[in-house]
Structure formats: structure tokens, C-alpha cells
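Novice:
In my numbering, the protein residues as written are -18 to 664.
1. Can you check whether the CB of residue 348 is closer than 8 Å to the CB of residue 367?
2. Report buried or exposed for residue 213, applying the criterion of at least 16 other Cβ atoms within 10 angstroms of its Cβ.
3. Take residue 424 as the anchor and find which of 441, 281, 356 has the nearest alpha-carbon.
4. Please state if the CB of residue 543 and the CB of residue 587 are separated by a distance shorter than 8 Å.
5. Take residue 33 as the anchor and find which of 283, -17, 491 has the nearest alpha-carbon.
6. Reducing DSSP to helix, strand and coil, say where residue 30 ends up.
7. With a cut-off of 8 Å, do at least 3 Cβ pairs link the segment 23 to 31 to the segment 115 to 127?
8. Could you give the residue range of the alpha helix (DSSP H) that holds residue 470?
9. By alpha-carbon positions, which one of 525, 422, 409, 433 ends up nearest to residue 397?
10. Out of 161, 391, 229, state which residue places its alpha-carbon closest to the alpha-carbon of residue 421.
11. Return the CA-CA distance between residue 163 and residue 255, expressed in angstroms with no decimal places.
12. Which residues in the same chain have their Cβ closer than 8 Å to the Cβ of residue 403, if we skip the five residues on either side of it in sequence?
13. Sorted by chain position, which residues of the same chain lie with C-beta nearer than 6 Å to residue 268's C-beta, five sequence neighbours on each side aside?
14. When burial is assigned at 16 or more other CB atoms within 10 Å of the CB, is residue 206 buried or exposed?
15. Is residue 441 near residue 322, with beta carbons less than 8 Å apart?
16. Near residue 335, what residues of its chain come up, given a Cβ to Cβ distance below 8 Å and the 5 sequence neighbours on each side ignored?
17. Ends of the beta strand (DSSP E) at residue -2?
18. Who does residue 398 pair with in a DSSP beta bridge?
19. For residue 409, does the count of other Cβ atoms within 10 angstroms reach 16, so buried, or fall short, so exposed?
20. Between residue 41 and residue 122, which are expected to be in contact by the criterion C-beta below 8 Å, what is the C-beta distance as a whole number of angstroms?
21. Runs of 3 residues minimum, wholly inside the segment 172 to 199: which ones carry the beta strand (DSSP E) assignment?
22. Measure the C-alpha to C-alpha separation of residue 500 and residue 200 and round it to an integer number of angstroms.
23. Which one or two residues does DSSP pair with residue 296 in a beta bridge?
24. Between residue 191 and residue 233, is the Cβ-Cβ spacing less than 8 Å?
25. Report the rounded CA-to-CA distance for residue 300 versus residue 160, giving the unit in angstroms.
26. Helix or strand or just coil, what does DSSP make of residue 93?
27. For the beta strand (DSSP E) containing residue -18, list its first residue and its last residue.
28. What is the rounded straight-line gap between the Cα of residue 632 and the Cα of residue 639?
29. Classify residue 326 as buried or exposed, calling it buried when 16 or more other Cβ atoms lie within 10 Å of its own Cβ.
30. In the structure shown, what three-state DSSP assignment does residue 534 receive?
31. Going by DSSP, name the residue or residues bridged to residue 369.
32. What's the gap between the Cα of residue 389 and the Cα of residue 413?
33. Between which two residues does the beta strand (DSSP E) holding residue 668 run?
34. Fully enclosed by the segment 482 to 562, which alpha helix (DSSP H) runs are 4 residues long or longer?
35. Looking at residue 265: is its Cβ nearer than 8 Å to the Cβ of residue 251?
36. Which residue marks the beginning of the alpha helix (DSSP H) containing residue 122, and which one marks its end?
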């Protein structure tokens, strides 16, 4: 790290062995202090001297505070957090002390809801009150050079009490119940073997393309961060051993991607937990598989069989997989992406998306060279010619596709290489002529004759697009069901009321019909309210309708399911509040506030659990920048007016301003912002 220019590192207290004051002329041999039991003082930086005369500076995070932030209640509120940090301050009157913590970023707002707000509040308010300065390690080091040195324990890590065995052995760290981690060592051995084989491929083949293959590998990050054609060409011109031909450019990029995946396959979380088939272990094997694939494409070497044999030595805790080889076959091979699968994704999606002639599909550029779609009864057929270009390796493939939608969720898609204009025209004519028979069986048979038996279905699409199409396909069915449930509810409304009036158990079928019907009515009204939010009369109409639905649901004890409606209302509240605070005419202020208050109350009646966080933050900011300054000015003006005598014109003007500010303060009360004392002043 020091050789690469890294100035400092952050370690756990458990990684320090001993410390002492850095020797000076006055004190050439200071006493060493053993701190191997986490006793190191984390409030100062240290210097670690290396054997080659270099050094690197070290910070140690405060272990107890970090654990309390992640696993205790240190972040339950700002006062508690500041008090916990204050306990770390040493009373030895140093010019400065550093309190540093290290915890997972997802702690804030994910594992522990709203703790990100606690953090923001202490940063902007509480720390300043205590004259604490928020800084970072680099800045602190620039003004506080280490005066102590440290000797580190050899081979240690933050997350393992056994050195670094968590990433190579069955040490028990990260274990779950009775599961072992005997797979860790064979997995690392397999990847080490693959890494060494890929180095041979890279050095032997890369020397044909790069003047310095390893320098090109190291600087490839510039391409990873910017894959624009101009930047890639500049990179290849800089590192190429000569002017590379288009095919050589592709192989050069393949080699660099092979090396990138050879590094990615060592991502540490792959070993971190208890089982090789977890998503983390599976992902590093997918990186390895991509590196294997690229090595085969560039150099023709076949390493996969030996790699799988080595993975077979890694025992899985899951009987279905048995070993790492099983994980590779079931979860890795099936996830590999080919040009044919990308083309199938494009083809099936084209039935629901109006693609441009040039369209980006994930990391591929899709060029639509021809496309035709016809429908016969419930059957819909699309045939097209497509050129795909990988923006990663610049590889390309020209393909022909045919996709038949049989209705519902049934798709039959076939792909083959483009074999010339004449063959493509004949294929297209035959398929569309067969479609005229309106026979699914004949169309599928014709596709099999022209393309072969291999085919793709909806399941082969990338998950995001598959889910979108599933939603579209489900909508018609859901609409019919909505109509059916609504009719059942209307026909049996009196029966439902009678059951509830007499406090009898309601038939589940009728209760479900009521809840679904009212939920859909409510969602439609919420969407209409969102559309008409700029028109006060229309907004009041839909608010009244929603309030009536809430009353009806309450009488029938219906639990409405409105996740989409909740989000719409929260966004509507925020937008309405912003407009109210910044754009509303004071003549309509009272009406606008009442309307917003009804939306807040509606969320309570519907039991949606609306989050007012963003509205509270917006209002609080406006309170500080506008309401409070105007309130103070008004109180001051009124005091002067009373002293000098109140004219009628001044009284009328003051009353209007007081009313306006009082309404704005009442709005804060509706949003659960504490403005009680201010409200009292304006009564």
C-alpha cells in the first residue's frame, strides 16, 4: 500500500500489538506499551514504520462506539448519540482528539430506520453546539501528524478473530448453526489455480496486443469508468503494441475483461458467510465463469473442466448442490448470457415496446435492421433482423429472430445467425404465410423447421423486463377480477352490513370481495386526486369521495391494501406543501391548508401509515427561513405600532399578517411539527 502511494489505513483496535511515542533526540528509546487486547488509544493517529524505510499512517476506529452504533441503541436519538461519543473524550487536555467510528453504511436507514436523520441532525446541530468539528481522516492527518508509532499484529482482519481464516478456512466466523465452512479452502485453491492459468494466457496472448500488458491491465480502470468509443480507442492507441485491427481490438478488450473478472472473483464477501451457494459465493463463481469463457474465446484454452473438478472438492452444506461443482452447474452456467439470449430478450420485448432502430439493451447496442409484426386472431408473430454490439468487448453478432405470442404468458422465440438477405426473406415469407392458417401448432412447427428445436420463452428474459411484461399481461385479468369482485360486493352489500351489525362472523369470500373492491375504488380516486391536485374544486370532490370510502371501509372493518396509493399520497402531500409554501396566493391560503390537512387526516382514516418525514423537513426548513423571521418582525412592528398609536389601516394590515402566520403555524401542527409555543404567541 505504501509503495502505491497510500498515505493511511483504518484498522480495528484488535489489530495493534504495541505502541510508543516516536523517538526524538530528547527521548531516543521510549517505552513500548502492549495493547494487544484492544487497549490502544483510538483518538490519535499512529505511524507504522516498514522494513524498507517507508511508513504508513494508521487510524484505529473506536470499537465500543462502533459496536453500539451497529448493534445497540446509540443511535436512538441525537442526545443519546452525542452523549455516547462524549464518553470517548480523554481528559488529558490534548490540542485535539479524533473520535472515529466504523460501521456498515446500511445501518443508517436500512437496518435501523431513521438513524440517518439522527446522523444528519448531530452533524448540522449538535456537534457545533459542543464545538466539535466534523472532519475526515485525510484532513485530520494534514494538521495532526502522528507523534506515536505502532507495531501491528501479523496477518489480521477486522472481521475475523483467527487472522484471515474467514477467507480461506473453516474457522467458524460467519457460520450459521451447524453449517461448516470446509468449502472455503478448496474454493480459494480453485480460484488460485485459475488465476495462475489466466496469467499465462494473458502474458502469452497479451504480448501480441499490448506494449506492456500489465500496465495496460492496471490502467484499464480508465475504460471501466468511461466506455465511450473515443475513450476506448484512445486507450488502445496508448497501450497497443501497434495499430490494432478491429478483430485485434476485440481480442485485446476480451483479455482485459478476462483479467478484470479474474480480480472480481476474489471479492471478499464470497467467503464471508457460511455457505458457498449463497448469492455472494455464487457471484464470485460467475465472475470466474466469465473469465473462463473469455480465455476460451481469445486463446482457445479450455480450463472449465479442470476448474469444475477442483470445485468438486468444496463441500456444500446444501444436499441439493453437494459440492461447489454442483453450485457451478446449477447456479452459474445457467446465468451466462449469450448473444442469442440478448436477441431473444429484444424479440419478446419488441411485442410490448416500440424500439428505435438503434436501442441500448443493458450493455449491448441493438441495431434493428428489419422488423415486421402481424396478428392473426389471438396469435401475434414478429420476425426481425438484428445486429448486437457489446459495449464491453466490441464483439458483434448479426442474428435473425422470430417470436410467436400465443396469448397469455406463452411465447415461442427462435434465434439463428443471419445467413443472407435471400434466406432471410424466404424465412420471413414462410412464417407469415403459415400464420395465416391461424394455427399455433403449424406456426411452431414451421419455426422448428426453419430454426431448429432450440427456443426461448418469457422465462429467458432478463428479470426486470420479464417482470414488466408479466405486469402488463396480468393487467387484463386483474381488471376482469376487479369488475367481478365489485359486482359481488355491490350485490351483497346489505348482507355484509347485516353480518357486521349483528356482530356475526362474516363469510371470508364476501369480506375479501369488499376489501378488494374498496381498495381498487380508493386507488382510482387517489390517482384522480393526484391528476386534479391543481384544481381546488376537483380536489375537494375527490377528497370527499375518499373520505366516504374510508368511512365505508371502517364500517365493514375492511383492511385496504394500498401500497401504491400510499406512495402517491405521500408525493402529493410533498408537492402540495411546496406549492402552498412558495406559490400560493394568501387569499387562498386557508383553503389550501385545509385541503392539505384533509389529505393528512385521510391517511389516518385509511390506516395507510403515511410518512410525513419529507413534509416535516420541508416545513421545518421554511419555518426557519421564512416563518420565524417574519413572525419576529411582525411582533416587533406591532410593539412599535402600539407604542406610537394604532391607526385603522395599520390594524387591518397587521390582522391580515397575523392571520396568515397563524394559519402557517397551524399547518405545522397538522404535520406533527412542534410549533405550540409560537401558536400561543399569535392567539
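The beta-carbon is built from N, C-alpha and C at its ideal position, and this holds for glycine as well. Computed from a predicted structure; not experimentally measured.
Specialist: Quick answer:
1. yes
2. Around the C-beta of residue 213, 16 or more other C-beta atoms lie within 10 Å, and the residue is accordingly described as buried.
3. 356
4. Closer than 8 Å, so yes.
5. -17
6. strand
7. Touching, yes, given that three or more Cβ pairs across the two stretches are closer than 8 Å.
8. 444 to 472
9. 433
10. 391
11. 9 Å
12. none
13. 242, 245, 246
14. exposed
15. yes
16. none
17. Residue -2: member of the beta strand (DSSP E) spanning -3 to 2, first to last residue.
18. 380
19. buried
20. Residue 41 to residue 122, Cβ: 13 Å. No contact.
21. none
22. 56 Å
23. 304
24. At a Cβ-Cβ threshold of 8 Å, residue 191 and residue 233 count as neighbours.
25. 12 Å
26. strand
27. Unbroken run through residue -18: none, as it is neither H nor E.
28. Note that residue 632 scores a pLDDT of 37, beneath 50, so its modelled location is shaky and nothing firm can be said.
29. buried
30. helix
31. 347, 378
32. 21 Å
33. This structure cannot speak to residue 668, because the chain is shown only from -18 to 664.
34. 489 to 512, 517 to 536
35. yes
36. For residue 122, the uninterrupted alpha helix (DSSP H) segment begins and ends at 118 to 124.
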